[in-house]
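Protein chains in written order, with the numbering used here: chain B, 711 to 1090; chain P, 17 to 372.
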């Protein structure tokens, strides 16, 4: 399969792993944060930790949009399903995220009209096909998904569609990274920069991390070879004493970002003065809302939103895990009260959440100290 | 073992203990993964199970007048009714005869129930009855009887079919999770995920197209070809339908208390299925199959079993994909081509509802 298999080529991967071992100072401990949940997922899915020396520690960052959404926003969104005219639409990732009175899927089982869509454009199509209903799209995501929400809203306005709205939960990545760096209990050596977000915002917005925080950052792709190469690039910077923003994911990420996408976002969205992040509290200028010129499509203006605030369950340590202070399995609830099937926190729901990734791919492996690979059948 | 099938998993106590605590039924309870297992083991087995029966299998083996027969039942609620490579009528036959086949039995006859929604065009019903007849001829089974119910318009999605099959045990095949041993090999009959991805694309909700069709077919001819040379070495079989290969193998790992180690690059998969899974973020080993089976075979029989499968019609892509290990107990582990490993769990939740 093109554009996939090239980046999973065993020989190249072994070379990269070798280069990582060569560049690593055995006396030193390296703490690298992968900001993006997609990277967390890839690390576990491809078993990349097995290829790294033990003194390279990968810290999972806050870049999982489902995970950072506070429960109150989920409750707010689901409150709209009380109106029988409303069709609640969201990405599949959202469907099992628990609200106070259940997840969207549980609301659906109780009779609410809750549907999975694969893009906001699908939600708009649903509105066109159901003119006597109101279709609400529960928008989540960083700058990766915000442009498609923006373009869908522009299209809805052009088409004059009246029965469509967006409950906007789009967040922005830079303030989250800033919050991580401001956190006193966090010590990092370098960042593996988000890949998908950077296709939109480019690499320039990270320059302050290098310039003011003194941390190298390499924007990375998601295939095993991408991630290993990014780690090689970070280790080279650390070894040579350079502090730069580098772009490993050049085949997709332009340095200046995607101007058309940024323009659409600027036309539709404006920054909220502050927004609550799960486990991290309120972060100023960290989220988007619809501009007043799109008020007709703003679910927060069209519906009475209760504005629920729910404190996270006390025992759950989602915030510490989200900031990378704790490993998923160091949380008191991990694997006990909180499992992918019965998640307490969102980190256990989304495939990009570090707890779910750790639970699905890693934690039972940790009990096993046998050799990786197969003695008999792994020849190919 | 006398009764390797049956609706019972654990030894029964005198008072049935209901462990199912979920407050309502959700789609996940029918998805074949963890929630389904919880429902069956926590509610159905304690109240309905036969204490003397063996572990849960695809079909129950019971003795009647001294003859051992296999019996199974299956229901079909797939949406859409027709899809590339098959339709609900064909699926109802193949799904049922395959449940019997992987329990080591040759299907003899089926009885079927049609639940129809008022307003269903006769033309569509006739198409499915014809598809069922053709599939029954192909599988070599008769349809001995049936039942028809009609519900109000809007109360069913056009048509559901439920089917019950009875089969005769094939001499020399004895399958059960308890007979699986460390060192046994894991075989698969062909490429994974075709059915689930075909259904997903056939719904037309994604703007994705791929040349791919459902793998629905009777698997008995392949099992017979394998049994002809390796019957004494066949320890366990399962058709990995809902929940996919990962769920079936996790169930095996739990039932036999051993570990299953798979080599990812050995698992046959069409590029179109892999591509769709990459795009949609799905795990191919969680995607349903309707015409494949997994077998655990003793190591000394594995090569012969594989050769027999590969030379049988429709078995060319069969492969040995892994082996059974003592550790990690109760776990399925996948190794990648470049030496990374990961645990793969049962399906949680329900990525693609109503696929069969």
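Cβ atoms here follow ideal geometry from the backbone N, Cα and C, with glycine treated the same way. Keep in mind it's a predicted model, so treat the numbers as computed, not measured.
The closest CA to that of residue 287 of chain P, considering only P:229, P:118 and P:50, is found on P:229. Here DSSP, grouped into helix, strand and coil, assigns residue 1040 of chain B to helix.
Using a CB distance cut-off of 7 Å, residue 191 of chain P does not count as an interface residue toward chain B. If you ignore the 5 residues before and after residue 102 of chain P, its C-beta comes within less than 7 Å of the C-beta of 230 and 232, all in its own chain and listed in chain order. If the five residues before and after residue 763 of chain B are omitted, its C-beta is found closer than 8 Å to the C-beta atoms of 730, 731, 734 and 736, all from its own chain and listed in chain order. Any Cβ of chain B closer than 7 Å to the Cβ of residue 354 of chain P would place that residue at the interface, and such an atom is present.
For a Cβ distance threshold of 9 Å, residue set 711 and 714 of chain B lies close to residue 291 of chain P, ordered along the chain. Residues of chain B with a Cβ closer than 8 Å to the Cβ of residue 40 of chain P are, in chain order, 816, 819 and 820. Judged by DSSP in its simplified three-state form, residue 775 of chain B adopts coil rather than helix or strand. Around the beta carbon of residue 63 of chain P, fewer than 16 other beta carbons lie within 10 angstroms, which makes this residue exposed. Residues of chain P whose Cβ lies closer than 9 Å to the Cβ of residue 724 of chain B are, in chain order, 354 and 355. Here the C-alpha atom of residue 154 of chain P lies approximately 47 Å from the C-alpha atom of residue 758 of chain B. Taking a C-beta distance under 7 Å as the contact criterion, residue 263 of chain P and residue 304 of chain P do not qualify as a contact pair. In this structure, residue 770 of chain B places its C-beta atom within 7 Å of the C-beta atom of residue 1064 of chain B.
Within chain P, 355, 356 and 357 have C-beta atoms less than 8 Å from the C-beta of residue 760 of chain B, given in sequence order.
Under the Cβ distance rule, residue 763 of chain B does not count among the residues neighbouring chain P, no pair being separated by less than 7 Å.
The bridge partners DSSP lists for residue 183 of chain P are P:86 and P:123. Residues 52 of the same chain have their beta carbon placed closer than 7 Å to that of residue 46 of chain P, with the five preceding and five following residues left out of the count.
Taking 7 Å as the cut-off, the beta carbon of residue 1070 of chain B is found closer than this to the beta carbon of residue 361 of chain P. The Cβ atoms of residue 372 of chain P and residue 191 of chain P lie no closer than 7 Å to each other. Rounded to whole angstroms, the separation of the alpha carbons of residue 131 of chain P and residue 174 of chain P is 8 Å. Restricting attention to beta strand (DSSP E) runs no shorter than 3 residues, the region 742-822 of chain B encloses them at 766-773 and 796-800, ordered along the chain. In chain order, 324, 325, 327, 328 and 331 place their CB closer than 8 Å to the CB of residue 241 of chain P, counting only its own chain and leaving out the 5 sequence neighbours on each side. Burial check for residue 844 of chain B: the Cβ neighbour count within 10 Å reaches 16 or more, so the residue is buried. DSSP places residue 959 of chain B in the coil class of the three-state scheme, outside both helix and strand. The beta carbon of residue 50 of chain P sits closer than 7 Å to some beta carbon of chain B.
For the C-beta of residue 756 of chain B, the chain P residues within less than 9 Å are, from N- to C-terminus, 352, 354, 356 and 358. Remark: C-beta atoms of residue 883 of chain B and residue 852 of chain B approach each other more closely than 7 Å.
For residue 55 of chain P, the closest C-alpha among the options P:281, P:42 and P:317 is that of P:42. Taking the beta carbon of residue 1061 of chain B as reference, the chain P residues within 8 Å of it are 297, listed in sequence order. Here the alpha carbon of residue 921 of chain B sits roughly 8 Å from the alpha carbon of residue 954 of chain B. Contact of residue 255 of chain P with chain B is not assigned, every C-beta pair being separated by 7 Å or more. Secondary structure of residue 740 of chain B (DSSP, three-state): strand. The beta carbon of residue 222 of chain P falls within 7 Å of a beta carbon belonging to chain B, placing the residue at that interface. One finds 806 in chain B with Cβ atoms closer than 7 Å to the Cβ of residue 365 of chain P, taken in chain order. For the pair of segments examined, the region 134-144 of chain P was found to touch the region 161-177 of chain P: the number of CB pairs separated by less than 8 Å reaches three.
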